[in-house]
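Number of protein chains: 2
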Amino acid sequence: MTQRIAVPLPKAYLLLNHGPTVLVSSAHGGRQNVMAAAWNMALDFDPPKVAVVIDKATLTRELVEASGEFVLNVPSRQQAALTLAVGTQSGREVDKFSLKVGAGAAAASMVGAPLIEGCLAWLECRVIPEPHIQQTYDLFLGQVIAAWADPDAFSNGRWHFPDSQRHSIHYQAGGSFFATGETFEA
Amino acid sequence: MTQRIAVPLPKAYLLLNHGPTVLVSSAHGGRQNVMAAAWNMALDFDPPKVAVVIDKATLTRELVEASGEFVLNVPSRQQAALTLAVGTQSGREVDKFSLKVGAGAAAASMVGAPLIEGCLAWLECRVIPEPHIQQTYDLFLGQVIAAWADPDAFSNGRWHFPDSQRHSIHYQAGGSFFATGETFEA
Numbered sequence: 156m157t158q159r160i161a162v163p164l165p166k167a168y169l170l171l172n173h174g175p176t177v178l179v180s181s182a183h184g185g186r187q188n189v190m191a192a193a194w195n196m197a198l199d200f201d202p203p204k205v206a207v208v209i210d211k212a213t214l215t216r217e218l219v220e221a222s223g224e225f226v227l228n229v230p231s232r233q234q235a236a237l238t239l240a241v242g243t244q245s246g247r248e249v250d251k252f253s254l255k256v257g258a259g260a261a262a263a264s265m266v267g268a269p270l271i272e273g274c275l276a277w278l279e280c281r282v283i284p285e286p287h288i289q290q291t292y293d294l295f296l297g298q299v300i301a302a303w304a305d306p307d308a309f310s311n312g313r314w315h316f317p318d319s320q321r322h323s324i325h326y327q328a329g330g331s332f333f334a335t336g337e338t339f340e341a
Numbered sequence: 156m157t158q159r160i161a162v163p164l165p166k167a168y169l170l171l172n173h174g175p176t177v178l179v180s181s182a183h184g185g186r187q188n189v190m191a192a193a194w195n196m197a198l199d200f201d202p203p204k205v206a207v208v209i210d211k212a213t214l215t216r217e218l219v220e221a222s223g224e225f226v227l228n229v230p231s232r233q234q235a236a237l238t239l240a241v242g243t244q245s246g247r248e249v250d251k252f253s254l255k256v257g258a259g260a261a262a263a264s265m266v267g268a269p270l271i272e273g274c275l276a277w278l279e280c281r282v283i284p285e286p287h288i289q290q291t292y293d294l295f296l297g298q299v300i301a302a303w304a305d306p307d308a309f310s311n312g313r314w315h316f317p318d319s320q321r322h323s324i325h326y327q328a329g330g331s332f333f334a335t336g337e338t339f340e341a
């Protein structure tokens, strides 16, 4: 398992501020799943909140609605094949934790949904119930109740990707991603 | 003015899919404004929808609520200083279109809010009224009714940043950005 350090909750928004594609993990009633989500964003600083789109057709939707919980996992470039695989296959048809590309799962601290191994950061979230926008727009809001990061990649409120493979990623389309690029000051 | 070609509406989500920081422009009653927003995302494909967080304290909020319209502009690295300036100063105190860093404005096609010159892409949006989430979370949903891109940077549904300055950008914190990095296939 990747090393993990706690991220203070008022800093949790920084894990998503630059718009990475995330993996949404979920669990309920003995089942667990993970899917990819480019459509996510921070929604508030403190207490930290997030927004993510979870389509009605997905098993993730069923598990998130049943449990009221999810984890946003920030994958690295090393996990791009995994991100693509869990974003294009349905948890109704395959167990994504036995895929060849490998979605390893570790226990979270505050929620039943697993932390995906090898990611750069993790946000454990409790759904803020907003049935109208969930139903109408597939839009889920969550309060972040615990956050973690690989200290090689994020510490003291800043990302510092340690090598070319351990960068966050941004999905484009058709299997194509962007890596998070160089840092610069405006 | 930057060259602009129309982006077919079902492809408009691709302008935001990789999570760039945007500029939100707005206009109402003879006033116009522009602010930065890292907290934005695509919300649907076709008709295309977007979500963006617009704080209650901002002039942008007042103009968007009054007009029911906004534009999401995707700035380039060349515009990082502008992005930081319009993200840290209030339109109540300065006219952001007369800043030294320069936010030039051009007329949009479908909305009163201006297109910010020199950007890489533009999404003209009409607010989808959802008063509860606007009030509770500062969360605004919009339907994209016209979309444009600089053809040097985006065409045929794909980004292809032409040089190191004309990349989209991702705000981190404290004046620090990431450039959108290299493309790769998973």
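Each protein sequence line maps, in turn, to chains L and E.
Last residue of the first sequence: number 341 in the numbering used here, and the count goes up by one each step with no gaps.
Last residue of the second sequence: number 341 in the numbering used here, and the count goes up by one each step with no gaps.
All C-beta atoms, glycine included, are put in the ideal place defined by N, C-alpha and C.
Owing to the predicted nature of the structure, the values given are computational and were not obtained by experimental measurement.
7 Å CB neighbourhood of residue i in its chain, flanking five on each side removed
i	result
Q289/E	F295
V241/E	L178, V189, M190, A191, K251 and A258
F200/L	P165 and Y168
A334/E	R232, H322 and I324
Separation of residue j from residue i, as counted between CA atoms
i	j	result
R321/E	W314/E	11 Å
A338/L	V229/E	The displayed chain sequence assigns Thr, not Ala, to residue 338/L. T338/L and V229/E: Cα-Cα distance of roughly 18 Å.
M265/L	A161/E	46 Å
A206/E	Q158/L	34 Å
A260/L	E220/E	44 Å
S310/E	L237/L	28 Å
A235/E	A341/L	5 Å
S253/E	G312/L	33 Å
G330/L	G267/E	37 Å
T176/L	T176/E	14 Å
Any C-beta of chain E under 9 Å from that of residue i
i	result
F225/L	no
D175/L	The residue you asked about is not Asp; residue 175/L is Pro in the sequence shown. It does; some Cβ of chain E falls within 9 Å.
Q327/L	yes
V282/L	no
G259/L	no
T215/L	no
H287/L	yes
N311/L	no
H322/L	yes
F333/L	yes
N195/L	yes
W303/L	no
K211/L	no
N188/L	no
Own chain partners of residue i with C-beta closer than 8 Å, once the 5 adjacent residues on each side are dropped
i	result
V208/L	A192, W194, N195, Y292, D293, L294 and F295
P317/L	D307 and A308
S319/L	R232 and A334
N172/L	A197
Selected residue, minimal CA-CA separation from residue i, among the options
i	options	result
Y326/E	G336/L, R247/L and E248/L	G336/L
G185/L	S310/L, V282/L and L218/L	L218/L
T213/E	G273/E, G246/E and H287/E	G246/E
A182/L	L254/L, G223/L and F332/L	G223/L
C280/L	G329/L, P175/L, Q187/L and A301/L	A301/L
F332/L	L170/L, G174/L, R159/L and Q158/L	G174/L
A328/L	L239/L, E220/L, R216/L and D210/L	L239/L
I283/L	Q233/L, T243/L, G297/L and I271/L	G297/L
L249/E	T215/E, E285/E, E272/E and W303/E	In the sequence as displayed, the identity of residue 249/E is Val instead of Leu. Checked all of T215/E, E285/E, E272/E and W303/E; the closest Cα to V249/E is T215/E.
F225/E	Q187/E, L254/E, S253/E and K211/E	Q187/E
D305/L	K211/L, G267/L, A334/L and I271/L	I271/L
K211/L	P286/L, T176/L, L227/L and N172/L	P286/L
W303/E	N172/E, L227/E and T176/E	L227/E
Closer than 9 Å to chain L by CB, residue i
i	result
F343/E	Shown here, chain E extends from 156 to 341; a query on residue 343/E therefore has no answer.
T338/E	yes
D199/E	yes
N228/E	no
Neighbourhood of residue i by C-beta distance below 6 Å, restricted to the same chain and skipping five residues each side
i	result
P203/E	L164, A167, Y168 and V299
Nearest-angstrom beta carbon gap, residue j and residue i [assumed within contact, 8 Å]
i	j	result
A262/L	P269/L	7 Å
L278/E	L170/E	6 Å
S180/E	S323/E	Going by Cβ atoms, the distance from S180/E to S323/E rounds to 17 Å, so no, they are not a contact pair.
Q233/E	G273/E	7 Å
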